[in-house]
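**Student:** Numbering (my numbering), first residue to last: 1 to 100.
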Amino acid sequence: RELSERHGRLATKEGTELVASIGIMKAAAQDFEGALAAYGEAYGIYGAMGKLETLECVHLQINIGSVRHAQGFGHRALDDYEEALCTLGRLGATESAAGA
């Protein structure tokens, strides 16, 4: 899938971190919908770049879970945390295999 024009301009590690930072600021201001939108955009950019299996995405998954928990959606937050743990496990397995 091709990156959109907007994503194309942001499709760098720094650009994606900037979008995620907007999510953090919106969450701090209790703009939970805005935070989820920013985190979703950052996650989409990483996905379009083929970089979902990264530590940065683990952080995004945790942040998304934290916002959902703050919204009162604990069951969805648990799903997000579980996905973050699974991604982290896959990253660890990849690193172990590379070091073997």
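Beta carbons are placed, not taken as given, at the ideal position from N, Cα and C, and that holds for glycine.
Where does Gly72 sit, in a helix, a strand or coil, going by DSSP?
**Tutor:** The sequence position of residue 72 within the sequence shown is 72, counting from 1. Looking at Gly72 - three-state DSSP - the assignment turns out to be coil, as it is neither helix nor strand.
**Student:** If you follow the alpha helix (DSSP H) that Lys13 is part of, which residue opens it and which one closes it?
**Tutor:** Working through the sequence shown from its first residue, we reach residue 13 at position 13. First-last of the alpha helix (DSSP H) with Lys13: Lys13 to Ala28.
**Student:** Compare the Cα-Cα distances from Gln30 to each of Lys51, Arg68 and Gly15 and report the closest residue.
**Tutor:** Here residue 30 corresponds to residue number 30 of the sequence shown, with the count starting at 1. Measuring from the Cα of Gln30, the nearest candidate turns out to be Arg68.
**Student:** Alpha carbon to alpha carbon, how far is Leu52 from Leu10? Give it in angstroms, no decimals.
**Tutor:** As a position in the sequence shown, residue 10 is number 10, starting the count at 1. As a position in the sequence shown, residue 52 is number 52, starting the count at 1. Straight-line Cα distance between these residues: approximately 16 Å.
**Student:** Tell me the DSSP secondary structure of Glu83 in three-state form.
**Tutor:** Counted from its first residue, the sequence shown places residue 83 at position 83. Glu83 falls in the helix class under three-state DSSP.
**Student:** I need the straight-line Cα distance from Gln72 to Asn63, nearest angstrom please.
**Tutor:** Mapped onto the sequence shown, residue 72 falls at position 72. Mapped onto the sequence shown, residue 63 falls at position 63. Going by the sequence as given, residue 72 is Gly instead of Gln. Rounded to the nearest angstrom, the two C-alpha atoms are 14 Å apart.
**Student:** Using the Cβ count rule (16 or more neighbours within 10 Å means buried), how would you classify Ala84?
**Tutor:** The residue given as residue 84 occupies position 84 in the sequence shown. So Ala84 ends up on the buried side.
**Student:** Between which two residues does the alpha helix (DSSP H) holding Gly34 run?
**Tutor:** Numbered from 1 along the sequence shown, position 34 holds the residue referred to as residue 34. It spans Phe32 to Ala48 - the alpha helix (DSSP H) in which Gly34 sits, taken as one unbroken run.
**Student:** Among residues of its own chain, excluding the 5 on either side of Tyr46, which ones have a beta-carbon nearer than 8 Å to its beta-carbon?
**Tutor:** Numbered from its first residue, the sequence shown carries residue 46 at position 46. Excluding sequence neighbours, Tyr46 sits near Thr16, Leu52, Thr54, Glu56, Cys57 and Leu60.
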